[in-house]
Amino acid sequence: MKTVFAFDIGGTAVKFGLVAEGGRLLKQGEVPFERDLSFAALGERLARLYEDVMAGARADALAVAMPGFAAPESGVVIDGGGNVPALRDGSIAGALEQRLSLPVWFGNDGVAAALGEVRYGAGRALSRFLLITIGTGVGGAVVLDGRPIISPNGHPPELGAIIVGLDDVGEPLSLEAQSSAPAMLQAYARRTGNMAVTARGLFEQAEAGDAAAEAAIDAACRGIAQAAGALTNALMFEAIVLGGGVSGAGEALARRLRRLMPAYVWPALAAKVDIRIAELGNTAGLLGVASLAFDGLSTPSRRRDVRRDVKS
């Protein structure tokens, strides 16, 4: 049985998992991530994490999902990825390949999550959908004809950069600034002077009747509905799939989006779009990027980044 050890590097945590063919997670976990960690320290931490979890055993390959756009030739993040600045200082895929003597495949985290849902989750029966991942940042991907869409040079979409309004000083307000987990917590803090511990906890407070929590969540969900609505008007999705850490709120998140979306979508299209939580939860990126590695292991001539694998 072939296995791939996958990492999903986020702004506050690194998720990891040992994946078997067919998308079966044999082991999984999550460790905190410090934003100011150096490139060398990040590479060593990931390598040691692999060694600790594998305990002397060996995977057939590694796979890394990361924010931003990593140059296909080098694996260095050259655009975006601001939540993990160390990724701009070197090729984490190259460092792991050298340190652990294993082939490494890599890709954008949002595109990897969409690929995971296409192959193993909510997207299996869908041809055309939008995945929005909500966590430390906001990302995701557009899936058309069963494939995540990327630019000709491999650049992933930048859903978090969609402008959804103006901020308090009249500057453009991005979806990430409006609707990410930190944005929800900051909005709650402005209203109450208190900082909720997690976005998921904020949903629990709102469900229990906390008006300030409800207002903070409503503002974030309106941003998501506006962005998803505009894209639905243009691309006529079958579904909006909600992923990332905040999707752990489950139906409490989906229900609010169902209420808000009709204000931003042409009525005939709104009636046909389903809003659902990602089936794979916060493991979609792990499973998606691992699937790239399995593809590569079965076809050794494939390049080791997401560009070829989502287009071929």
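Taking the working numbering, the leading residue of the sequence shown gets 134, the next gets one more, and so forth.
Quick reminder that beta carbons are idealized off the backbone N, C-alpha and C, glycines included.
### Task
Quick one: measure Cβ to Cβ for ALA358 and VAL406, integer angstroms, because I've assumed they're closer than 8 Å.
Mapped onto the sequence shown, residue 358 falls at position 225. Mapped onto the sequence shown, residue 406 falls at position 273. ALA358 to VAL406, Cβ: 11 Å. No contact.
### Task
Report the partner residues of GLU163 according to the DSSP bridge assignment.
Taking the first residue of the sequence shown as position 1, residue 163 is located at position 30. The partner list for GLU163 (beta bridge, DSSP) reads LYS148.
### Message
Which of the three DSSP states is assigned to VAL297 in this structure?
### Response
Within the sequence shown, residue 297 is the residue found at index 164, counting from 1. DSSP places VAL297 in strand when its eight states are reduced to three.
### Message
Buried or exposed, going by whether 16 or more other CB atoms sit within 10 Å of the CB of PRO200?
### Response
One-based indexing of the sequence shown puts residue 200 at position 67. Buried, since its Cβ has 16 or more Cβ neighbours within 10 Å.
### Query
Can you give the Cα-Cα distance for ALA404 and ILE265, rounded to whole angstroms?
One-based indexing of the sequence shown puts residue 404 at position 271. One-based indexing of the sequence shown puts residue 265 at position 132. Taking the straight line joining both Cα atoms gives about 20 Å.
### Message
Please state whether the Cβ-Cβ distance between VAL137 and VAL152 is less than 8 Å.
### Response
Here residue 137 is taken as the residue at index 4 of the sequence shown, counted from 1. Here residue 152 is taken as the residue at index 19 of the sequence shown, counted from 1. In contact: VAL137 and VAL152 (Cβ atoms closer than 8 Å).
### Message
I'd like to check one pair, GLU184 with PHE427: are the Cβ atoms closer than 8 Å?
### Response
As a first step, residue 427 must be located in the sequence shown, where it is residue number 294. As a first step, residue 184 must be located in the sequence shown, where it is residue number 51. No.
### Assigned exposure category for TRP238 - 16 Cβ within 10 Å defines buried
Position 105 of the sequence shown, counted from the start, is the residue given in the question as residue 238. By the 10 Å Cβ count, TRP238 comes out buried.
### Query
When DSSP labels each residue in this structure, what does GLY376 get in the three-state scheme?
Locating residue 376 in the sequence shown gives position 243, where the first residue counts as 1. In the structure shown, GLY376 sits in a strand (DSSP, three-state: E or B).
### Message
With distance defined between alpha-carbon atoms, name the residue in LEU259, SER234, VAL271 and ARG323 nearest to ALA314.
### Response
Stepping through the sequence shown from its first residue, residue 314 is reached at position 181. Considering only alpha carbons, the answer is VAL271.
### Query
Between the C-alpha atoms of LYS135 and PRO236, what's the straight-line distance to the nearest angstrom?
Position 2 of the sequence shown, counting from 1, holds the residue named residue 135. Position 103 of the sequence shown, counting from 1, holds the residue named residue 236. Near 13 Å, if we compare the C-alpha coordinates of PRO236 and LYS135.
### Message
With distance defined between alpha-carbon atoms, name the residue in LEU375, ALA194 and LEU182 nearest to VAL422.
### Response
Taking the sequence shown and counting its residues from 1, the one referred to as residue 422 is at position 289. Comparing Cα-Cα distances from VAL422 to each of LEU375, ALA194 and LEU182, the minimum goes to ALA194.
### Query
Per the contact definition of three or more C-beta pairs closer than 8 Å, is the stretch 173 to 187 in contact with the stretch 221 to 229?
yes
### Message
Helix, strand or coil, according to DSSP, for MET317 in the structure here?
### Response
Locating residue 317 in the sequence shown gives position 184, counting from the first residue. Helix, per DSSP.
#### Entry: Contact check, ALA139 vs GLY254, beta carbons under 8 Å
One-based indexing of the sequence shown puts residue 139 at position 6. One-based indexing of the sequence shown puts residue 254 at position 121. No.
### Nonlocal neighbours in the same chain, by C-beta distance under 7 Å from GLU177, ignoring five residues either side
Walking along the sequence shown from the start, residue 177 turns up at place 44. Around GLU177: no qualifying Cβ.
### Query
How about ASP141 and ALA198: do their beta carbons lie closer than 8 Å?
Taking the sequence shown and counting its residues from 1, the one referred to as residue 141 is at position 8. Taking the sequence shown and counting its residues from 1, the one referred to as residue 198 is at position 65. Yes, Cβ-Cβ distance for ASP141 and ALA198 is below 8 Å.
### Query
Cβ of PRO289 within 8 Å of Cβ of VAL330?
What you label residue 289 is simply residue 156 of the sequence shown in a count that begins at 1. What you label residue 330 is simply residue 197 of the sequence shown in a count that begins at 1. Result no, Cβ atoms of PRO289 and VAL330 do not sit closer than 8 Å.
### Message
If you measure between the beta carbons of GLY268 and GLY143, is that distance less than 8 Å?
### Response
On the sequence shown, residue 268 is found 135 positions in, with the first residue counted as 1. On the sequence shown, residue 143 is found 10 positions in, with the first residue counted as 1. Their beta carbons are under 8 Å apart, which means GLY268 touches GLY143 by this criterion.
### Query
Would you report the Cα separation of VAL186 and LEU430, rounded to the nearest angstrom?
The sequence position of residue 186 within the sequence shown is 53, counting from 1. The sequence position of residue 430 within the sequence shown is 297, counting from 1. Those two C-alpha atoms are separated by around 22 Å.
### Task
Using the Cα positions of ALA361 and PHE149, report the straight-line distance between them to the nearest angstrom.
Indexing the sequence shown from 1 puts residue 361 at position 228. Indexing the sequence shown from 1 puts residue 149 at position 16. Cα to Cα, the separation comes out at about 29 Å.
### Message
Output needed for TYR418: all residues of its chain with C-beta closer than 6 Å, excluding positions within five of it in sequence on either side, in chain order.
### Response
Taking the first residue of the sequence shown as position 1, residue 418 is located at position 285. Note that residue 418 corresponds to Gly in the displayed sequence, not to Tyr. Correct list, in chain order: ASP141, ALA198, ASP242, ALA245 and ALA246.
### Query
In this structure, what does DSSP give as the bridge partners for ARG261?
Start at 1 with the first residue of the sequence shown, and residue 261 comes out as number 128. DSSP output for ARG261 lists LEU277 as bridge partner(s).
### Message
Looking at LEU390: is its Cβ nearer than 8 Å to the Cβ of CYS354?
### Response
For the purposes of this step, residue 390 is identified with residue 257 of the sequence shown, where counting begins at 1. For the purposes of this step, residue 354 is identified with residue 221 of the sequence shown, where counting begins at 1. Yes, the Cβ-Cβ distance between LEU390 and CYS354 is below 8 Å.
### Task
Could you check what DSSP says for PRO200 in three-state terms: helix, strand or coil?
For the purposes of this step, residue 200 is identified with residue 67 of the sequence shown, where counting begins at 1. Coil at PRO200, not helix or strand.
### Task
Could you tell me which residues DSSP puts in a beta bridge with PRO400?
Residue mapping note: residue 400 aligns to position 267 of the sequence shown, counting from 1. BP columns for PRO400 are empty, so no partner.
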